[in-house]
Amino acid sequence: MKTLSGVPVSSGIVSGKAFLHVESEFPEIVRYSLSENQIEAELKRLDRAIAESLEDLRAVHERALREMSKDLSDIFAAHIMMLEDPDFIDQLRTGIQETLQNAECVVSDIARGMMQKMMASPDPLFRERAVDINDISRRILTVLLGIKQISLAELDRDVIVVAHDLLPSEVLTMNKTHVKGFVMDGGGRTSHTAILARAFNIPAVLGLSIATKEIKNDDMLVVDGSAGQVTINPDQQELNAYKKAGTQYRKKQDEFLAIRDLPAETTDGCRVALKANIEIPEEAEQVLRYGAEGIGLYRSEFLFLTPGQAAEEEMQYQAYCQVLKALGGLPVTIRTMDIGGDKILPDFQVTSDERNPLLGWRAIRFSLALPELFKTQLRAILRSSVHGNVRIMFPLISGIEELEQARVLLDEARAECRAKAQPFADNIEVGVMIEVPSAAMTADILAKSSDFFSIGTNDLIQYSLAVDRGNERVNYLAQPCHPAVLRFIKTTIDAAHQKGIKAAMCGELAGDSSMTALLLGLGLDEFSMTAQSIPQVKGIVRAVSMKDCQKLAEEVMKGTSWKQNAALVSAWMAKNFPAE
Ligand code: PEP
Ligand code: MG
Numbered sequence: 221m222k223t224l225s226g227v228p229v230s231s232g233i234v235s236g237k238a239f240l241h242v243e244s245e246f247p248e249i250v251r252y253s254l255s256e257n258q259i260e261a262e263l264k265r266l267d268r269a270i271a272e273s274l275e276d277l278r279a280v281h282e283r284a285l286r287e288m289s290k291d292l293s294d295i296f297a298a299h300i301m302m303l304e305d306p307d308f309i310d311q312l313r314t315g316i317q318e319t320l321q322n323a324e325c326v327v328s329d330i331a332r333g334m335m336q337k338m339m340a341s342p343d344p345l346f347r348e349r350a351v352d353i354n355d356i357s358r359r360i361l362t363v364l365l366g367i368k369q370i371s372l373a374e375l376d377r378d379v380i381v382v383a384h385d386l387l388p389s390e391v392l393t394m395n396k397t398h399v400k401g402f403v404m405d406g407g408g409r410t411s412h413t414a415i416l417a418r419a420f421n422i423p424a425v426l427g428l429s430i431a432t433k434e435i436k437n438d439d440m441l442v443v444d445g446s447a448g449q450v451t452i453n454p455d456q457q458e459l460n461a462y463k464k465a466g467t468q469y470r471k472k473q474d475e476f477l478a479i480r481d482l483p484a485e486t487t488d489g490c491r492v493a494l495k496a497n498i499e500i501p502e503e504a505e506q507v508l509r510y511g512a513e514g515i516g517l518y519r520s521e522f523l524f525l526t527p528g529q530a531a532e533e534e535m536q537y538q539a540y541c542q543v544l545k546a547l548g549g550l551p552v553t554i555r556t557m558d559i560g561g562d563k564i565l566p567d568f569q570v571t572s573d574e575r576n577p578l579l580g581w582r583a584i585r586f587s588l589a590l591p592e593l594f595k596t597q598l599r600a601i602l603r604s605s606v607h608g609n610v611r612i613m614f615p616l617i618s619g620i621e622e623l624e625q626a627r628v629l630l631d632e633a634r635a636e637c638r639a640k641a642q643p644f645a646d647n648i649e650v651g652v653m654i655e656v657p658s659a660a661m662t663a664d665i666l667a668k669s670s671d672f673f674s675i676g677t678n679d680l681i682q683y684s685l686a687v688d689r690g691n692e693r694v695n696y697l698a699q700p701c702h703p704a705v706l707r708f709i710k711t712t713i714d715a716a717h718q719k720g721i722k723a724a725m726c727g728e729l730a731g732d733s734s735m736t737a738l739l740l741g742l743g744l745d746e747f748s749m750t751a752q753s754i755p756q757v758k759g760i761v762r763a764v765s766m767k768d769c770q771k772l773a774e775e776v777m778k779g780t781s782w783k784q785n786a787a788l789v790s791a792w793m794a795k796n797f798p799a800e
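Residue numbers (my numbering): 221 to 800.
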């Protein structure tokens with residue numbers, strides 16, 4: 221028995237036999253010369269292979285249009301365009317005529333040459349296209365060589381797919397009835413496979429690096445997509461425990477989804493809002509499935525993390541419109557770019573050579589230092605506001621000066637839009653993320669210039685307890701029940717209410733259902749989290765009374781250590797939710 225740890229990208233627990241989906245190795249391409257009178261037949265062979273590849277691709281594209289977001293289906297549209305490109309086809313045909321060599325060799329040589337040129341380009345967009353050339357040339361070669369690819373579409377038994385990486389087309393066309401889980405060497409939370417896994421509700425752990433080395437076909441696996449763990453060949457006892465946990469998880473999910481359209485209201489009638497966090501626009505459509513009442517945190521910096529995509533106003537505008545339209549009038553909180561720290565940008569001067577990047581040039585500091593870049597984002601958000609209900613939120617505010625400066629630039633961005641006759645909503649709410657202790661301690665001051673607060677507990681815990689959130693060695697210290705953290709949270713909520721504005725939370729803590737009762741008792745108005753966690757949190761909200769939660773919060777606020785506080789909360793939960 222062995223356990224691997226990776227990135228949890230799609231929750232749920234599942235056990236089953238491993239199916240290794242490693243790219244089938246191409247047999248060596250045999251190079252042979254053609255005589256003049258064989259050329260015509262070889263050209264026909266090439267044409268047939270291209271036609272067959274196109275037919276396959278069109279079928280995948282049509283399916284993608286029905287089942288995937290536009291961005292993902294566009295990948296296949298681009299492949300079709302390349303395969304229909306007369307210049308490309310001409311190059312292949314001329315290659316056969318001039319070299320007098322077989323079609324396989326010509327396709328492979330020309331594709332390799334094109335890829336090498338693209339990879340050497342300084343333009344990242346051009347470099348990315350090399351992947352597409354690889355994809356389409358492999359398609360043509362598969363047909364020419366008569367290779368029967370191992371297809372996930374043909375699966376006839378329940379399996380857990382183990383792969384180095386998967387193409388979106390493979391995930392789309394797989395037999396979803398039989399794929400019970402995904403385990404991958406590559407990928408992260410925002411990879412296409414992760415998004416599709418969440419969309420299809422298949423538990424998945426990605427970014428494992430060594431999964432395809434450690435796991436063999438038919439190994440028994442347990443995938444815990446919530447904890448990010450994969451157990452290889454567990455013993456019977458372990459397996460039974462996992463199966464039970466998996467069944468309970470599915471039963472609970474069904475129960476929770478049944479309450480999707482019911483309000484997040486306590487038994488004594490106190491209503492809170494449950495919203496979703498997203499990283500990329502494609503996720504927006506899915507959050508409604510889980511009953512999200514809006515988007516409480518759109519981490520807009522992910523738009524900037526792909527090389528070459530950076531600061532285009534139009535590109536940003538389109539992305540924000542896509543999210544707003546998907547949410548159809550529900551509120552969408554766009555957090556302005558939180559660049560720097562651990563989010564290093566390929567196209568900007570942010571580098572990892574700062575001594576303390578997490579205390580360095582990051583988030584609002586970065587935006588204020590590059591006002592033109594910042595205003596480009598603000599204009600894109602402003603312009604998108606006519607397509608839905610948008611709110612703007614500034615990250616890592618440490619004091620009122622930064623908030624005031626950001627507001628000045630927002631006013632300038634408004635003036636620039638007006639000068640170009642670009643319409644925008646005039647009542648856009650502007651909020652502050654409370655994730656630095658100084659912001660929490662001056663929340664009463666910040667509240668005067670804010671329409672809402674959102675507590676970013678990931679950073680608030682990191683900065684208040686001096687615990688690098690990415691350092692596993694000190695992770696044990698990152699305790700949300702530490703009295704200091706709880707006091708910061710309470711101070712922030714109280715300051716918001718004093719001023720008559722709402723206090724939200726969008727750090728991971730908001731989606732931790734074992735903490736929901738305590739947060740309700742502290743007075744939190746809005747919880748924003750991974751969409752998949754919403755049903756579970758709603759289940760807790762609907763089962764408790766605000767009166768009891770407040771009593772719990774009062775008790776916990778008297779506590780002197782995180783251990784004592786955490787024990788109090790878990791005892792309360794065990795008493796009120798014996799099966800949790
Ligand atoms: C947070 O810090 O809690 C937060 C939500 O922001 P991020 O995780 O993007 O830093
Ligand atoms: Mg943060």
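Just so it is clear, CB atoms sit at the ideal spot from N, CA and C, and this is done for glycine as well.
Give the straight-line distance between the Cα atoms of residue i and residue j, rounded to the nearest whole angstrom.
i, j, result
"E533", "A589", "18 Å"
"K767", "D488", "8 Å"
"A350", "A297", "16 Å"
"N460", "L375", "25 Å"
"R575", "R762", "47 Å"
"N609", "D671", "14 Å"
"F778", "I754", "Reading off the sequence, residue 778 comes out as Lys, not Phe. Approximately 29 Å between the Cα atoms of the pair."
"G743", "I430", "44 Å"
"V326", "A279", "26 Å"
"R611", "R582", "21 Å"
"T195", "Q506", "Nothing can be reported for residue 195: it is not among the residues displayed for the chain, which extend from 221 to 800."
"L285", "Y537", "23 Å"
"L494", "R480", "11 Å"
"I300", "N354", "14 Å"
"T711", "A383", "47 Å"
"Q321", "V234", "50 Å"
"R358", "G406", "21 Å"
"A478", "K758", "11 Å"
Among the options, which has the Cα closest to the Cα of residue i?
i, options, result
"K719", "Q682, F420, M653, D664", "D664"
"Q227", "N691, I259, V403, D352", "Note that residue 227 is Val in the sequence shown, not Gln. With distances taken between Cα atoms, V227 lies closest to V403."
"S669", "I654, M661, I620", "I620"
"Y469", "S231, F308, G427, Q457", "S231"
"V652", "A639, A635, S674", "S674"
"Y683", "L426, I721, I617, L744", "I617"
"I249", "I367, E275, E636, C637", "I367"
"S658", "A641, Q642, D679", "D679"
"C769", "E485, F522, E636, A539", "E485"
"V443", "P423, T362, L428", "P423"
"R599", "S587, P577, F644", "F644"
"L428", "N453, L416, Q597, G445", "G445"
"A238", "E324, T362, M338, T432", "T432"
"I584", "A773, A626, M725", "A626"
"D276", "I330, Q473, I360", "I360"
"V543", "Y518, M725, T556", "Y518"
"M725", "L320, V628, P615", "P615"
"N785", "A715, E746, I721, R707", "R707"
"M793", "S293, D745, S733", "S733"
"P483", "V492, L477, E475", "V492"
"E636", "F420, F594, L666, F586", "F594"
Would you list the residues sitting across from residue i in a DSSP beta bridge?
i, result
"N609", "P551"
"Q317", "DSSP lists no partner for Q317."
"V650", "I612"
"L416", "DSSP lists no partner for L416."
"P228", "V425"
"I309", "In DSSP, I309 forms no bridge with anything."
"K491", "Note on identity: in this sequence residue 491 is Arg, with Lys being the wrong assignment. R491 pairs with E485."
"A633", "DSSP lists no partner for A633."
"Y518", "I498, I554"
"Q456", "Beta-bridge pairing links Q456 to no other residue."
"A298", "Answer by DSSP bridge pairing: none, since A298 is not bridged."
"D444", "I233, Q449"
"G401", "I380"
"S253", "Q321"
Handout entry: Complete runs of the alpha helix (DSSP H) confined to the segment 324-379 [at least 4 residues]
Key = 344-365
Exercise for the section: Tell me, please, whether the segment 503-522 touches the segment 782-800 by the rule of three or more beta-carbon pairs shorter than 8 Å. Expected result: no
Practice task
Decide if the segment 306-325 is in contact with the segment 260-267; the criterion is three or more beta carbon pairs, one per stretch, under 8 Å apart.
Solution key: yes
Handout entry: Every unbroken alpha helix (DSSP H) within the segment 635-702, with a cutoff of 4 residues, ordered by chain
Key = 657-661, 663-667, 677-684
Practice task
Starting from the N-terminal side, write out each stretch of the alpha helix (DSSP H) that is 4 residues or longer and does not extend beyond the segment 704-760.
Solution key: 736-742
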